[in-house]
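Here's the structure we're looking at; comments come further down.
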Amino acid sequence: MNHSTNRWKILIHQYANPNANRDIYVHEDHYADWERIKNSHEGNYYLGSIMRAAYSLNAQAGGRTNKPACLVQKGFAIHYLIDDEGNVKLLALDIDAKYETPSGEQTTGLYQVRYSDSPGRKGWRTQGVTESQMNLAHRWKEAHYAAVAGKFDDKEQAGSKLANHIRNAYEGELRGHPMDREGKIYSLYWINGSHKSDGQHDQLVSLLQQAMGQKARVHWIAQGEGAGTFVRAMQSLKNAPKLHGAEGDAKVRARQVVYFSNPRGKGTTTTKLKALCEQVGFELAGINRNPDDLWDRESHGAHAKKVLPVVAKIGFSGAAGAFGFDTVVKSLNLFLQSASVGSATAAGLGCYVVGKSVYNDLSGHARSLKGVCQNTLGKGNQNWAA
Numbered sequence: 008m009n010h011s012t013n014r015w016k017i018l019i020h021q022y023a024n025p026n027a028n029r030d031i032y033v034h035e036d037h038y039a040d041w042e043r044i045k046n047s048h049e050g051n052y053y054l055g056s057i058m059r060a061a062y063s064l065n066a067q068a069g070g071r072t073n074k075p076a077c078l079v080q081k082g083f084a085i086h087y088l089i090d091d092e093g094n095v096k097l098l099a100l101d102i103d104a105k106y107e108t109p110s111g112e113q114t115t116g117l118y119q120v121r122y123s124d125s126p127g128r129k130g131w132r133t134q135g136v137t138e139s140q141m142n143l144a145h146r147w148k149e150a151h152y153a154a155v156a157g158k159f160d161d162k163e164q165a166g167s168k169l170a171n172h173i174r175n176a177y178e179g180e181l182r183g184h185p186m187d188r189e190g191k192i193y194s195l196y197w198i199n200g201s202h203k204s205d206g207q208h209d210q211l212v213s214l215l216q217q218a219m220g221q222k223a224r225v226h227w228i229a230q231g232e233g234a235g236t237f238v239r240a241m242q243s244l245k246n247a248p249k250l251h252g253a254e255g256d257a258k259v260r261a262r263q264v265v266y267f268s269n270p271r272g273k274g275t276t277t278t279k280l281k282a283l284c285e286q287v288g289f290e291l292a293g294i295n296r297n298p299d300d301l302w303d304r305e306s307h308g309a310h311a312k313k314v315l316p317v318v319a320k321i322g323f324s325g326a327a328g329a330f331g332f333d334t335v336v337k338s339l340n341l342f343l344q345s346a347s348v349g350s351a352t353a354a355g356l357g358c359y360v361v362g363k364s365v366y367n368d369l370s371g372h373a374r375s376l377k378g379v380c381q382n383t384l385g386k387g388n389q390n391w392a393a
């Protein structure tokens with residue numbers, strides 16, 4: 008089929024994405040509008056999101072159905088089909104508020120966190136409405152500051168606690184520059200739900216591209232599960248086509264600086280984080296690991312000599328040593344939820360339930376498990392790991 012004689016014009020070639028095998032066409036009546044989006048999306052959060060979604064279709068799975076399909080993203084939907092030749096035809100771009108995520112106090116998205124010095128409200132407070140873009144003109148010394156949150160009860164808790172992560176991670180950069188002053192802000196990407204979903208890291212990629220498009224220096228904190236989301240966003244940047252010149256500019260990329268605080272998730276070992284930052288061109292400011300977090304894929308190995316003998320004595324799981332710490336943590340959860348724990352006592356260990364005789368025998372080992380439990384099963388990982 009000759010697309011040019013059927014009033015279809017190519018917008019994106021398949022070779023624009025190394026993982027793709029489909030050309031993307033638009034009807035000639037819509038071509039000028041799509042070209043404007045393609046040529047002017049640099050630094051624009053929404054236009055950047057639209058172009059990322061369009062590019063993703065040239066790697067879209069599925070057969071040559073010639074049946075209309077719809078790719079829904081926050082704030083817009085792209086209607087398309089895959090034709091007999093395996094190419095994508097963009098049928099319509101629908102920009103409508105109905106595609107926004109449900110509004111509410113804890114909606115996933117970008118927020119400003121503002122410092123207040125008012126009596127009774129002193130401290131870092133997360134604003135109530137989502138923002139469409141970071142206020143990159145607001146800087147502390149030479150950079151705007153932003154955080155990607157891991158798992159917190161709510162965005163207010165995340166905004167308050169992550170200010171301390173920023174303070175500790177960038178204390179050298181901020182020397183002589185007071186953070187806690189009326190009107191100071193930082194950007195918070197709050198995730199309410201799965202940190203592993205495509206929608207979460209796609210929005211984050213758009214924020215990163217916005218910063219690069221404006222050649223802005225941003226100092227990021229990627230905390231807890233948010234570190235895994237940040238890793239996926241960087242991988243998308245590494246694998247994606249060059250959406251604009253700024254993204255391919257090494258000096259512009261180096262303006263994105265990231266510090267990983269208590270990282271959790273796939274690809275967050277020190278070796279992998281260093282390699283990925285080098286591949287993408289981001290500056291790695293540092294990594295602060297939580298030694299008491301068994302979900303940390305790197306530091307949990309350090310607990311083997313200390314924890315596994317304790318687990319074996321307590322009898323949570325006879326196969327703990329063979330199957331690793333995921334099994335241990337699941338066994339802990341099952342044990343703590345069991346109705347047949349019998350005569351057991353918390354013994355000052357918070358979430359850990361240990362028999363009195365075992366606690367006495369294990370002495371210092373048992374006491375050291377308090378931090379492990381609080382950080383693995385509790386909320387200790389939300390705090391800066393000293």
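In the working numbering, the protein residues as written are 8 to 393. Every residue, glycine too, gets a C-beta built ideally from N, C-alpha and C.
DSSP bridge partner residues for residue i (one or two, in chain order)
| i | result |
| --- | --- |
| residue 94 | Residue 94 pairs with nothing; no bridge assigned. |
| residue 133 | 120 |
| residue 295 | 268 |
| residue 225 | 151 and 263 |
| residue 99 | 86 |
| residue 32 | 17 and 96 |
| residue 290 | 264 |
| residue 138 | 117 |
Classification of residue i by the beta-carbon crowding that lies within 10 angstroms, buried from 16 upward
| i | result |
| --- | --- |
| residue 212 | buried |
| residue 270 | buried |
| residue 238 | buried |
| residue 35 | exposed |
| residue 77 | exposed |
| residue 243 | buried |
| residue 262 | buried |
| residue 395 | For residue 395 there is no data in the structure shown, the boundaries of the chain being 8 and 393. |
| residue 349 | Residue confidence for residue 349 is low, a pLDDT of 32 falling below 50, so the modelled location carries little weight and cannot support an answer. |
| residue 172 | buried |
| residue 200 | exposed |
Straight-line Cα distance separating residue j from residue i
| i | j | result |
| --- | --- | --- |
| residue 54 | residue 101 | 13 Å |
| residue 241 | residue 202 | 14 Å |
| residue 233 | residue 138 | 19 Å |
| residue 188 | residue 147 | 11 Å |
| residue 145 | residue 33 | 39 Å |
| residue 57 | residue 125 | 41 Å |
| residue 133 | residue 278 | 33 Å |
| residue 394 | residue 61 | Any property of residue 394 remains undetermined from this structure, which presents the chain solely from 8 to 393. |
| residue 280 | residue 293 | 10 Å |
| residue 164 | residue 141 | 20 Å |
| residue 82 | residue 18 | 22 Å |
| residue 166 | residue 131 | 7 Å |
| residue 45 | residue 264 | 27 Å |
| residue 291 | residue 285 | 8 Å |
| residue 310 | residue 298 | Legend: pLDDT at residue 310 = 49, less than 50; position of this residue unreliable, no value from coordinates given. |
| residue 38 | residue 16 | 7 Å |
| residue 88 | residue 266 | 41 Å |
| residue 40 | residue 204 | 30 Å |
| residue 155 | residue 14 | 44 Å |
| residue 214 | residue 245 | 15 Å |
| residue 413 | residue 85 | Residue numbering for the chain in the displayed model covers 8 to 393; residue 413 lies beyond these limits and cannot be assessed. |
| residue 129 | residue 96 | 54 Å |
| residue 182 | residue 65 | 47 Å |
| residue 74 | residue 94 | 12 Å |
| residue 7 | residue 169 | Outside the modelled stretch of the chain, which goes from 8 to 393, sits residue 7, for which no answer is possible. |
Residue from the options with nearest C-alpha to residue i
| i | options | result |
| --- | --- | --- |
| residue 123 | 84, 29, 114 and 191 | 191 |
| residue 150 | 219, 243, 95 and 116 | 219 |
| residue 256 | 166, 288 and 116 | 288 |
| residue 174 | 46, 268 and 43 | 268 |
| residue 225 | 143, 169, 163 and 62 | 143 |
| residue 230 | 222, 215, 259 and 272 | 272 |
| residue 79 | 262, 266, 296 and 210 | 210 |
| residue 228 | 194, 259 and 47 | 194 |
| residue 275 | 95, 295, 258 and 169 | 295 |
| residue 31 | 84, 90 and 222 | 90 |
| residue 29 | 236, 59, 40 and 63 | 63 |
| residue 198 | 93, 75, 42 and 114 | 114 |
| residue 59 | 119, 258, 260 and 217 | 217 |
| residue 112 | 20, 223 and 161 | 161 |
| residue 283 | 223, 168 and 235 | 235 |
| residue 21 | 92, 179 and 48 | 92 |
| residue 223 | 180, 117 and 259 | 259 |
| residue 116 | 178, 135 and 186 | 135 |
Endpoints, alpha helix (DSSP H) assigned at residue i
| i | result |
| --- | --- |
| residue 237 | 232-246 |
| residue 39 | 35-47 |
| residue 164 | 162-176 |
| residue 78 | From DSSP, residue 78 is part of no alpha helix (DSSP H) but of the beta strand (DSSP E) over 76-80. |
| residue 153 | Note, residue 153: premise wrong, no alpha helix (DSSP H); beta strand (DSSP E) at 151-155. |
| residue 278 | 277-287 |
Range covered by the beta strand (DSSP E) that runs through residue i
| i | result |
| --- | --- |
| residue 194 | 192-197 |
| residue 84 | 83-89 |
| residue 18 | 15-19 |
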